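Visitor: Supplied in structure tokens, the structure appears directly below.
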Amino acid sequence: MVTDTTTGAAGDKIRCDACPVMCYIKSGAAGACDRYANHDGKLVRVDPHIVLERTVSHGGRVVPFQATGDWDGKIVRQPDIVVTAIGAGTTYPDYKPAPFIVSSEIDGVDMVTVVTEGIFSYCGVKVKIDTDRYLGAETAIVRAQGEAVGHVTTSEYGSQMLSLGGVHHLTGGSKKEGRVTCDTLMDLSNCKPVELKVDGGATVIVEAGRPPIVNGVTEERMRVGCGSATIGMFAKQWHGKVDEVVVVDDHITGVLSEHQAGKLLDIADTGIKMKGRRSTPGRYFQVAEPGTGWGGTNISDPLAILGPFDAREARPGMTMLMVSTTGDHASYYVLDQALRPIEKEMPRDLKSSVERIQENCEPALCTVLFMAGAGGSLRAGVTDNPVRLTRSVKDALTRVTSGGAPVYVWPGGGITFMVDVTQMPAGAFGYVPTPALVAPIEFTLRLSDYGALGGHMDYVRPLTSLRNSAEIRPMPYLPGRRA
Amino acid sequence: MRRLPQIKLLPDGRRLHLNDGPIDLIVEANGNGADVRAAYAAAARRFDGLLDELCAELAELRKAAHPVHCHLKGVVARRMHAAVAPFARNWFITPMAAVAGSVAEEILGAMLGVAQMRRAYVNNGGDIALHLEGGQQFCIGLIDRPDQLGIMHTLMVDAAHLSRGIATSGRHGRSFSLGIADAVTVLAKTAAQADAAATIIGNAVDLPGHPAIVRRPANELQPDSDLGSRLVTCEVGRLSDGEVMQALSGGEGVARNLLAAGLIDGAALRLSGEILVVGTYDQRAHHERELETA
Numbered sequence: 192m193v194t195d196t197t198t199g200a201a202g203d204k205i206r207c208d209a210c211p212v213m214c215y216i217k218s219g220a221a222g223a224c225d226r227y228a229n230h231d232g233k234l235v236r237v238d239p240h241i242v243l244e245r246t247v248s249h250g251g252r253v254v255p256f257q258a259t260g261d262w263d264g265k266i267v268r269q270p271d272i273v274v275t276a277i278g279a280g281t282t283y284p285d286y287k288p289a290p291f292i293v294s295s296e297i298d299g300v301d302m303v304t305v306v307t308e309g310i311f312s313y314c315g316v317k318v319k320i321d322t323d324r325y326l327g328a329e330t331a332i333v334r335a336q337g338e339a340v341g342h343v344t345t346s347e348y349g350s351q352m353l354s355l356g357g358v359h360h361l362t363g364g365s366k367k368e369g370r371v372t373c374d375t376l377m378d379l380s381n382c383k384p385v386e387l388k389v390d391g392g393a394t395v396i397v398e399a400g401r402p403p404i405v406n407g408v409t410e411e412r413m414r415v416g417c418g419s420a421t422i423g424m425f426a427k428q429w430h431g432k433v434d435e436v437v438v439v440d441d442h443i444t445g446v447l448s449e450h451q452a453g454k455l456l457d458i459a460d461t462g463i464k465m466k467g468r469r470s471t472p473g474r475y476f477q478v479a480e481p482g483t484g485w486g487g488t489n490i491s492d493p494l495a496i497l498g499p500f501d502a503r504e505a506r507p508g509m510t511m512l513m514v515s516t517t518g519d520h521a522s523y524y525v526l527d528q529a530l531r532p533i534e535k536e537m538p539r540d541l542k543s544s545v546e547r548i549q550e551n552c553e554p555a556l557c558t559v560l561f562m563a564g565a566g567g568s569l570r571a572g573v574t575d576n577p578v579r580l581t582r583s584v585k586d587a588l589t590r591v592t593s594g595g596a597p598v599y600v601w602p603g604g605g606i607t608f609m610v611d612v613t614q615m616p617a618g619a620f621g622y623v624p625t626p627a628l629v630a631p632i633e634f635t636l637r638l639s640d641y642g643a644l645g646g647h648m649d650y651v652r653p654l655t656s657l658r659n660s661a662e663i664r665p666m667p668y669l670p671g672r673r674a
Numbered sequence: 016m017r018r019l020p021q022i023k024l025l026p027d028g029r030r031l032h033l034n035d036g037p038i039d040l041i042v043e044a045n046g047n048g049a050d051v052r053a054a055y056a057a058a059a060r061r062f063d064g065l066l067d068e069l070c071a072e073l074a075e076l077r078k079a080a081h082p083v084h085c086h087l088k089g090v091v092a093r094r095m096h097a098a099v100a101p102f103a104r105n106w107f108i109t110p111m112a113a114v115a116g117s118v119a120e121e122i123l124g125a126m127l128g129v130a131q132m133r134r135a136y137v138n139n140g141g142d143i144a145l146h147l148e149g150g151q152q153f154c155i156g157l158i159d160r161p162d163q164l165g166i167m168h169t170l171m172v173d174a175a176h177l178s179r180g181i182a183t184s185g186r187h188g189r190s191f192s193l194g195i196a197d198a199v200t201v202l203a204k205t206a207a208q209a210d211a212a213a214t215i216i217g218n219a220v221d222l223p224g225h226p227a228i229v230r231r232p233a234n235e236l237q238p239d240s241d242l243g244s245r246l247v248t249c250e251v252g253r254l255s256d257g258e259v260m261q262a263l264s265g266g267e268g269v270a271r272n273l274l275a276a277g278l279i280d281g282a283a284l285r286l287s288g289e290i291l292v293v294g295t296y297d298q299r300a301h302h303e304r305e306l307e308t309a
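Chains L and Z, in that order, are what the protein sequence lines are.
The numbering used here numbers the first residue of the first sequence as 192 and each following residue consecutively.
The numbering used here numbers the first residue of the second sequence as 16 and each following residue consecutively.
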């Protein structure tokens, strides 16, 4: 169901004119038909999410399809058309959330009744947060609305990883924990922002495809590396073009002439004198306080982190580049007769090295991978012999997608997959009160293979029969989504 | 541009699908080919314009029903009122409580007016009108959980029974419920009566004031809900076995009264995996297929 019963009124209600019922629909809710909803004041079509299992068992269409004629073996013939499981049940609503469904195919029974939906109890999200800020210790509990919804896992390059959800939080804890976990997973999967608090750590607002907001501060870019790493990466490009380079960084400020990378290139000492605490040669901690200035420090004039040049090494006319780890800030200096650095216009080849640093700083993002396992019963909705579906997925005869997005299927038993939620159409995820998440999943395979693994051949329809009817509809893509 | 209802056969070539706005019907008729075609044509004709007919009186249909007087004009609207009127003295109920069953009956009636059929049904999102000739029967399955393919219970309705309507009400459906039942399935003489009775029994499965039950005013969720500011069930937390039985027995009491009054033929009440059956219709447990769960 798309009716949101958890959030308060936000925004204005709108009147739907799709049919004479003319429902007033409040923001975030759906009309009487469950097909049209108010999304931020805009009327959108939001068909309920129907899983393959129910779709197939009640006259399904989310089975393999053929475009026209013989299939050439490609996964999807036309790259622009993917039949997804989202809303798969709407046009033939005998498998809507209807309590009774006529389906004489099941056990010689004419009518079956559906009172609840149960989909992915075994599911969660893996969140990658591009930030070097401290979010919390490994295994620290991550909370949403005060409830434990997951934990901090490993740090990765430039990022912190969180593991959220899973069956223990969904159904193993208190009812509230399960509900909050379910809401959190669904919001994250639907690319909505969620505030997470790490025990003993930071508060971070996570939204798939958007920069993280850590303790109220939005991350802009992933720096290319710390100041020291930046020296290491660019030393060769600077060699011969400038006498000294300082990469200003709140964490580790790097100095080319003293750094191992500079030594290897036989770069001469420059008599530079850094403030801060020296760690190893050419690497300095705490050159300034953290802030929003150069390289995450509080300084606006980078010369503030330098002492006077040592007259024994330095000479007038020596050149120096100062640059931040993201390349956002950069200045070029020449020492005057008194060995004072005087800012000058930066030579062209140094400018391009700064641009290269910028280019290597990717935007800091939160990424959310939804991970779930398709159980035996879901697979039984596809074929009479569920394990054969698993085997055909492992043998790469069957391609699995989620809302049309590619998935990574884990090796080993079962069909456990991961999908980047930003690749999926808007509103692809729903939930059931179990609590469990409802997500689309499609299996695409050769018709002959489908028959061989015990597929429900009676329900296979050609793709053309979908294209030429009113059933194909544009899925609502929301801003910020990638198609 | 005139809005057209969606009318087409399902891919099995047997069943007819009719959709217009919130109305969604699955129709099947069994009989000789000409009769079935005539019946489907009649269903489609009657369906066209039916929603507009109802919407013309929507404001009135959303008001609490009077136990005796009815100012409604449309034949479906009047059937809705007639179905809820027996409950209107003791409970708050609007004719909308019987809209699905009344529409199903109307379409079935149009089919029966033009064709001979061995059996037929019109399924309006779970509220079903049945037609059975002598010797014919319908087997109705109740699935507890769709992620487990097994059928939990089956009900047999044959021509000898007088029941021609089945309806289910509960908090997982498209309508709001004042109660907490997962589902209340009712068998009655007509689909409209079953629809109204299922609503009343579903409302009676309740634990008033229980802290684990989250309720919100209906009009906060749907501004034009016929339930106005009455609290509808949004969420049911963990209940003890005793509480489940207590809630079910509240519904059971109402169901037994309705049974005694001849308003229903039977009812199955479900809450948190428990099922309670009132009435005498054929009901047998079905072997669930053992399947690992997702």
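Heads up, the beta-carbon is just placed ideally off N, CA and C, and yes, glycines get one too.
Remember, predicted model here, so these are calculated numbers, not experimental data.
Closest by CA to GLY232 (chain L), which one among L:SER218, L:SER419, L:LYS464 and L:ILE533?
Guide: On the first sequence, residue 232 (chain L) is found 41 positions in, with the first residue counted as 1. Nearest of L:SER218, L:SER419, L:LYS464 and L:ILE533 to GLY232 (chain L), Cα basis: L:SER218.
Visitor: With a cut-off of 9 angstroms, does the C-beta of CYS557 (chain L) fall near any C-beta of chain Z?
Guide: Mapped onto the first sequence, residue 557 (chain L) falls at position 366. Not closer than 9 angstroms to any Cβ of chain Z, the Cβ of CYS557 (chain L) fails to qualify, so no.
Visitor: For ASP540 (chain L), report the span of its alpha helix (DSSP H) as first-last.
Guide: To locate residue 540 (chain L), count along the first sequence from 1; it is residue 349. From DSSP, the alpha helix (DSSP H) with ASP540 (chain L) extends over 539-550.
Visitor: Can you say whether ALA661 (chain L) is buried or exposed, counting buried as having 16 or more other CB atoms within 10 angstroms of its CB?
Guide: Taking the first sequence and counting its residues from 1, the one referred to as residue 661 (chain L) is at position 470. Residue placement at ALA661 (chain L) cannot be trusted, given a pLDDT of 31 that sits under 50; what the coordinates show is reported in the next sentence. When all chains shown are included, ALA661 (chain L) counts as exposed.
Visitor: Between L:ALA339, L:SER380, L:HIS230 and L:LYS367, which lies nearest to ASP611 (chain L) when the distance is taken from Cα to Cα?
Guide: On the first sequence, position 420 is the one that residue 611 (chain L) refers to. Residue L:SER380 is the option with its Cα nearest to ASP611 (chain L).
Visitor: Among Z:ASP210, Z:ARG94, Z:VAL247 and Z:ALA44, which residue has its Cα nearest to the Cα of ALA233 (chain Z)?
Guide: Stepping through the second sequence from its first residue, residue 233 (chain Z) is reached at position 218. Considering only alpha carbons, the answer is Z:VAL247.
Visitor: Is the distance from the Cβ of ILE490 (chain L) to the Cβ of SER470 (chain L) below 9 angstroms?
Guide: What you label residue 490 (chain L) is simply residue 299 of the first sequence in a count that begins at 1. What you label residue 470 (chain L) is simply residue 279 of the first sequence in a count that begins at 1. Cβ atoms of ILE490 (chain L) and SER470 (chain L): not closer than 9 angstroms.
Visitor: Determine, for GLY604 (chain L), whether the minimum Cβ-Cβ distance to residues of chain Z falls below 9 angstroms.
Guide: The residue you call residue 604 (chain L) lines up with position 413 of the first sequence. Chain Z contact via Cβ: absent.
Visitor: Counting only C-beta atoms, is ALA79 (chain Z) closer than 9 angstroms to chain L at any point?
Guide: Counted from its first residue, the second sequence places residue 79 (chain Z) at position 64. No, its Cβ sits nowhere closer than 9 angstroms to a Cβ of chain L.
Visitor: Excluding five sequence neighbours on each side, which residues of the same chain lie with their C-beta closer than 8 angstroms to the C-beta of LEU177 (chain Z)?
Guide: Position 162 of the second sequence, counted from the first residue, corresponds to residue 177 (chain Z). Counting only Cβ-Cβ distances below 8 angstroms, and skipping sequence neighbours, we find LYS204 and ASP280.
Visitor: Below 6 angstroms CB to CB, which residues in the same chain sit around ALA452 (chain L) once its five sequence neighbours on both sides are set aside?
Guide: Start at 1 with the first residue of the first sequence, and residue 452 (chain L) comes out as number 261. Hits under 6 angstroms: ILE422, GLY423 and ALA426.
Visitor: Do GLY266 (chain Z) and ASP221 (chain Z) count as a contact pair if the criterion is CB distance below 9 angstroms?
Guide: Translated into positions along the second sequence, residue 221 (chain Z) becomes position 206. Translated into positions along the second sequence, residue 266 (chain Z) becomes position 251. Yes, these two residues count as a Cβ contact at 9 angstroms.
Visitor: Just to confirm my understanding: we take ASP440 (chain L), look at its own chain, exclude 5 residues before and 5 after, and list those with CB closer than 6 angstroms. What are they?
Guide: Residue numbering aside, residue 440 (chain L) sits at position 249 when the first sequence is read from its first letter. If we look at ASP440 (chain L) and ignore the five residues flanking it on each side, its Cβ neighbours are CYS417, GLY418, GLY486 and THR516.
Visitor: So is ALA175 (chain Z) buried or exposed if we call it buried at 16+ other beta carbons inside 10 Å?
Guide: As a working note, residue 175 (chain Z) is residue 160 in the second sequence. Its Cβ having fewer than 16 others within 10 Å, ALA175 (chain Z) is exposed.
Visitor: With 8 angstroms as the C-beta to C-beta threshold (strictly closer), list the residues of the stretch 208-229 of chain L near chain Z in chain order.
Guide: Those would be ALA209, CYS210, PRO211, VAL212, MET213, CYS214, TYR215, ILE216, LYS217, ALA220, GLY222, ALA223, CYS224 and ASP225, in chain order.
Visitor: Which word fits GLU398 (chain L), buried or exposed, when buried means at least 16 other C-beta atoms lie within 10 angstroms of its C-beta?
Guide: For the purposes of this step, residue 398 (chain L) is identified with residue 207 of the first sequence, where counting begins at 1. With 16 or more other Cβ atoms within 10 Å, it is buried.
Visitor: What does the alpha-carbon distance come out to for the pair VAL377 (chain L) and LEU628 (chain L)?
Guide: Your numbering for residue 377 (chain L) matches position 186 in the first sequence. Your numbering for residue 628 (chain L) matches position 437 in the first sequence. First, the amino acid is wrong: residue 377 (chain L) is Met here, not Val. About 7 angstroms.
Visitor: Interface residues of chain L around ASP173 (chain Z) at Cβ under 7 angstroms?
Guide: Within the second sequence, residue 173 (chain Z) is the residue found at index 158, counting from 1. Chain L residues near ASP173 (chain Z): none, gap ~12 angstroms exceeds 7 angstroms.
Visitor: Measure from the C-beta of PRO110 (chain Z) to each C-beta in chain L and report whether the shortest distance is under 9 angstroms.
Guide: In the second sequence, counting from the first residue as 1, residue 110 (chain Z) sits at position 95. Answer no: the Cβ-Cβ gap between PRO110 (chain Z) and chain L never drops below 9 angstroms.
Visitor: For HIS146 (chain Z), is the classification buried or exposed, using 16 other Cβ atoms within 10 angstroms of its Cβ as the cut-off for buried?
Guide: Looking up residue 146 (chain Z) in the second sequence gives position 131. That one is buried.
Visitor: Are the beta-carbon atoms of ALA113 (chain Z) and MET95 (chain Z) separated by less than 9 angstroms?
Guide: What you label residue 113 (chain Z) is simply residue 98 of the second sequence in a count that begins at 1. What you label residue 95 (chain Z) is simply residue 80 of the second sequence in a count that begins at 1. Yes; because the gap between Cβ atoms is below 9 angstroms, this pair is in contact.
Visitor: When you compare each of Z:MET132, Z:ILE143 and Z:ALA144 to GLN151 (chain Z) by their alpha carbons, which one comes out closest?
Guide: Within the second sequence, residue 151 (chain Z) is the residue found at index 136, counting from 1. Answer by Cα proximity: Z:MET132.
Visitor: Just checking my contact of LYS464 (chain L) with GLY498 (chain L) at CB under 8 angstroms: how many whole Å lie between their CB atoms?
Guide: The residue given as residue 464 (chain L) occupies position 273 in the first sequence. The residue given as residue 498 (chain L) occupies position 307 in the first sequence. Indeed, because the Cβ distance is near 3 angstroms, the residues count as touching under 8 angstroms.
Visitor: How many angstroms separate the CA atom of ALA262 (chain Z) from the CA atom of GLY268 (chain Z)?
Guide: Within the second sequence, residue 262 (chain Z) is the residue found at index 247, counting from 1. Within the second sequence, residue 268 (chain Z) is the residue found at index 253, counting from 1. For ALA262 (chain Z) and GLY268 (chain Z), the distance between alpha carbons rounds to 10 angstroms.
Visitor: To the nearest angstrom, how far is the alpha carbon of SER287 (chain Z) from that of ALA339 (chain L)?
Guide: Taking the first residue of the second sequence as position 1, residue 287 (chain Z) is located at position 272. Taking the first residue of the first sequence as position 1, residue 339 (chain L) is located at position 148. Each residue's Cα considered, the two are about 25 angstroms apart.
Visitor: Would you say PRO110 (chain Z) and VAL99 (chain Z) are within 9 angstroms of each other, going by their C-beta atoms?
Guide: The count along the second sequence starts at 1 and reaches residue 110 (chain Z) at position 95. The count along the second sequence starts at 1 and reaches residue 99 (chain Z) at position 84. For PRO110 (chain Z) and VAL99 (chain Z), yes; Cβs fall inside 9 angstroms.
Visitor: Work out the CA separation of ALA71 (chain Z) and GLY621 (chain L) for me, nearest whole Å.
Guide: Position 430 of the first sequence, counted from the first residue, corresponds to residue 621 (chain L). Position 56 of the second sequence, counted from the first residue, corresponds to residue 71 (chain Z). Distance between the alpha carbons of GLY621 (chain L) and ALA71 (chain Z) is about 34 angstroms.
Visitor: CYS552 (chain L): which of L:ASP374, L:ALA420, L:ALA220 and L:ILE332 sits nearest, CA to CA?
Guide: If you number the first sequence from 1, residue 552 (chain L) lands on position 361. Answer by Cα proximity: L:ALA420.
Visitor: If you count every other CB in all the chains shown that lies within 10 Å of the CB of ILE533 (chain L), and 16 or more means buried, which is it?
Guide: Within the first sequence, numbered from 1, the residue matching residue 533 (chain L) stands at position 342. Answer is exposed; the Cβ neighbour count stays below 16.
Visitor: Rounded to whole angstroms, how far is the Cβ of PRO626 (chain L) from the Cβ of ARG334 (chain L), which I believe are closer than 8 angstroms?
Guide: The residue you call residue 626 (chain L) lines up with position 435 of the first sequence. The residue you call residue 334 (chain L) lines up with position 143 of the first sequence. Contact doesn't hold; Cβ gap of about 17 angstroms is too wide.
Visitor: Please report the residue range of the beta strand (DSSP E) in which THR375 (chain L) lies.
Guide: By 1-based counting over the first sequence, the position of residue 375 (chain L) is 184. It is not in any beta strand (DSSP E) - THR375 (chain L) instead sits in the alpha helix (DSSP H) that spans 366-380.
Visitor: Between the C-alpha atoms of LYS454 (chain L) and ARG401 (chain L), what's the straight-line distance to the nearest angstrom?
Guide: Working through the first sequence from its first residue, we reach residue 454 (chain L) at position 263. Working through the first sequence from its first residue, we reach residue 401 (chain L) at position 210. Cα to Cα, the separation comes out at about 40 angstroms.
Visitor: Taking Cβ to Cβ, would you say ALA282 (chain Z) is nearer than 9 angstroms to GLY294 (chain Z)?
Guide: For the purposes of this step, residue 282 (chain Z) is taken as the residue at position 267 of the second sequence. For the purposes of this step, residue 294 (chain Z) is taken as the residue at position 279 of the second sequence. It is a contact, given that the beta carbons lie within the stated cut-off.
Visitor: Counting along the chain, where does the alpha helix (DSSP H) carrying ALA489 (chain L) start and finish?
Guide: Translated into the one-based positions of the first sequence, residue 489 (chain L) becomes position 298. Contrary to the premise, residue 489 (chain L) reads as Asn rather than Ala in this sequence. Element bounds for ASN489 (chain L): n/a, residue is neither H nor E.
Visitor: Hey, MET413 (chain L) and ALA555 (chain L) are a contact pair by Cβ (cut 8 angstroms); roughly how many whole angstroms apart?
Guide: Working through the first sequence from its first residue, we reach residue 413 (chain L) at position 222. Working through the first sequence from its first residue, we reach residue 555 (chain L) at position 364. Indeed, because the Cβ distance is near 5 angstroms, the residues count as touching under 8 angstroms.
Visitor: Kindly say whether LYS388 (chain L), judged by its beta-carbon, lies nearer than 9 angstroms to any beta-carbon of chain Z.
Guide: Residue 388 (chain L) sits at position 197 when you count from the first residue of the first sequence. Answer no: the Cβ-Cβ gap between LYS388 (chain L) and chain Z never drops below 9 angstroms.
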